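Following: one structure in structure tokens, then a few remarks.
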Amino acid sequence: MPTRVAVLGLDGLCWPYLNKLLEHGAMPFTKALLQKSLKTELYSYPPSTMPAWTSIMTGVNPGKHGVFGFYALDPRRGVKRMYSANDLGHPRVHEMLAMQRVPSIAINPVPPHPLIPMKNLHVLVHHFLAPKAAYYPRSLSKYLRALEEIPLITPQDPDMAFKHYVLKVQVIKGLVEELMARLEDWRLFWLMLEVPDHL
42 MPTRVAVLGL
52 DGLCWPYLNK
62 LLEHGAMPFT
72 KALLQKSLKT
82 ELYSYPPSTM
92 PAWTSIMTGV
102 NPGKHGVFGF
112 YALDPRRGVK
122 RMYSANDLGH
132 PRVHEMLAMQ
142 RVPSIAINPV
152 PPHPLIPMKN
162 LHVLVHHFLA
172 PKAAYYPRSL
182 SKYLRALEEI
192 PLITPQDPDM
202 AFKHYVLKVQ
212 VIKGLVEELM
222 ARLEDWRLFW
232 LMLEVPDHL
């Protein structure tokens with residue numbers, strides 16, 4: 042069987058908080074996984090979600106990939122707009138692998154919009170940074186339907202917000218398990234989960 046790599050990105054979850062959870066026994070499976078995984082810290086400038094995750098996904102700094110924050114100035118219209126995948130000056134890892142005919146699955150790549158369809162690549166986006174949920178190829182439509190049952194906007198009430206995130210994690214867990222089993226030839230499985238950053 043070929044080597045496989047799974048990347049679980051937990052946006053906004055720093056090591057001190059994760060270590061506290063692990064020490065209190067809150068995440069025994071994660072603790073076991075971390076004992077045989079590579080872990081590192083990202084020193085990112087600017088320290089913001091969009092350029093940090095884009096650097097992680099491309100392997101290059103903002104000077105090369107071109108994303109410096111959430112928003113860019115549209116010089117033609119003189120208005121602010123959110124950075125998109127069209128602004129990238131460098132491909133992301135799942136796109137580089139697809140170009141080399143290496144099958145990959147990516148859930149919530151950053152920037153998440155628009156999807157760039159490529160052979161050997163399965164992509165699902167259900168992320169607050171995308172104008173709408175999306176998927177590629179068409180065979181992933183049933184997975185998107187499951188994700189669309191979870192509103193992109195988080196409820197303001199803390200109890201409702203907590204229930205919202207529990208549901209989101211449960212749905213994504215089920216999708217990940219099914220996709221890993223169904224798409225047997227994947228070599229990279231990339232999941233970026235923004236839930237920790239919102240808690």
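Just so you know, we're using the numbering used here here: the sequence shown kicks off at 42 and counts up by one.
Glycine residues also receive a C-beta, built at the ideal position from the N, C-alpha and C atoms.
None of these values were measured; they are calculated from a predicted model.
Roughly how many whole angstroms lie between the Cα atoms of Glu-219 and Tyr-184? Within the sequence shown, residue 219 is the residue found at index 178, counting from 1. Within the sequence shown, residue 184 is the residue found at index 143, counting from 1. So the alpha carbons of these two residues sit roughly 9 Å apart.
For the alpha helix (DSSP H) containing Ile-213, list its first residue and its last residue. On the sequence shown, position 172 is the one that residue 213 refers to. It spans 199–223 - the alpha helix (DSSP H) in which Ile-213 sits, taken as one unbroken run.
Within a Cβ cutoff of 6 Å, which residues of the same chain sit near Pro-152, ignoring the five residues on either side of it in sequence? Translated into the one-based positions of the sequence shown, residue 152 becomes position 111. Same-chain partners within the cutoff: Tyr-124, Ser-125 and Ala-126.
Alpha carbon of Pro-196 to alpha carbon of Tyr-206, nearest angstrom: Numbered from its first residue, the sequence shown carries residue 196 at position 155. Numbered from its first residue, the sequence shown carries residue 206 at position 165. Taking the straight line joining both Cα atoms gives about 10 Å.
Taking the alpha helix (DSSP H) that Arg-122 belongs to, which residues open and close that run? The residue labelled residue 122 in the question sits at position 81 within the sequence shown. Looking at the DSSP string, Arg-122 is not in any alpha helix (DSSP H); the run it does join, the beta strand (DSSP E), is 120–123.
Is the Cβ-Cβ distance between Met-98 and Val-134 less than 8 Å? To locate residue 98, count along the sequence shown from 1; it is residue 57. To locate residue 134, count along the sequence shown from 1; it is residue 93. Cβ atoms of Met-98 and Val-134: closer than 8 Å.
Give me the residue from Arg-186, Glu-64 and Ile-157 with the minimum Cα distance to Tyr-177. Indexing the sequence shown from 1 puts residue 177 at position 136. Among Arg-186, Glu-64 and Ile-157, the Cα nearest to that of Tyr-177 belongs to Ile-157.
Need the endpoints of the alpha helix (DSSP H) that Ala-175 sits in, please. Counted from its first residue, the sequence shown places residue 175 at position 134. Note, Ala-175: premise wrong, no alpha helix (DSSP H); beta strand (DSSP E) at 175–177.
Rounded to whole angstroms, how far is the Cβ of Leu-188 from the Cβ of His-167, which I believe are closer than 8 Å? As a position in the sequence shown, residue 188 is number 147, starting the count at 1. As a position in the sequence shown, residue 167 is number 126, starting the count at 1. At roughly 4 Å, the Cβ-Cβ gap stays under 8 Å, so Leu-188 and His-167 are in contact.
Applying the criterion that 16 or more other CB atoms from any shown protein chain within 10 Å of the CB defines a buried residue, is Ser-96 buried or exposed? Looking up residue 96 in the sequence shown gives position 55. Result: buried.
Beta-carbon proximity list for Val-247, same chain, < 7 Å, skipping 5 on both sides: The question about residue 247 has no answer, for the chain in this structure spans 42 to 240.
Cβ neighbour criterion (16 or more within 10 Å) applied to Ala-171: Indexing the sequence shown from 1 puts residue 171 at position 130. Classification for Ala-171: buried.
Indicate the three-state DSSP secondary structure (helix, strand or coil) for Val-164 in the structure shown. To locate residue 164, count along the sequence shown from 1; it is residue 123. Residue state, collapsed to three classes: strand.
Please name the residue, chosen from Asp-128, Asn-102, Val-101 and Gly-104, that lies closest to Tyr-112 on a Cα-to-Cα basis. Along the sequence shown, read from residue 1 onward, the residue named residue 112 stands at position 71. Checking every option, the nearest Cα to that of Tyr-112 belongs to Asp-128.
Give me the residue from Lys-72, Arg-45 and Val-46 with the minimum Cα distance to Trp-56. Here residue 56 is taken as the residue at index 15 of the sequence shown, counted from 1. Nearest C-alpha to Trp-56: Lys-72.
Am I right that Ile-191 and Leu-165 are in contact with their C-beta atoms under 8 Å? What's the rounded C-beta distance? As a first step, residue 191 is located in the sequence shown; it is residue number 150 there, counting from the start. As a first step, residue 165 is located in the sequence shown; it is residue number 124 there, counting from the start. Wrong, their Cβ atoms sit about 12 Å apart, outside the cutoff.
Answer yes or no: do Ile-146 and Trp-227 have a C-beta to C-beta separation smaller than 8 Å? By 1-based counting over the sequence shown, the position of residue 146 is 105. By 1-based counting over the sequence shown, the position of residue 227 is 186. Contact flag set, yes.
Between the C-alpha atoms of Lys-80 and Lys-121, what's the straight-line distance to the nearest angstrom? In the sequence shown, residue 80 corresponds to position 39, counting from 1. In the sequence shown, residue 121 corresponds to position 80, counting from 1. For Lys-80 and Lys-121, the distance between alpha carbons rounds to 36 Å.
With distances taken from CA atoms, which of Asp-115, His-163 and Ser-85 is nearest Val-101? Taking the sequence shown and counting its residues from 1, one reaches residue 101 at position 60. For the residues Asp-115, His-163 and Ser-85, the minimum Cα distance to Val-101 belongs to Ser-85.
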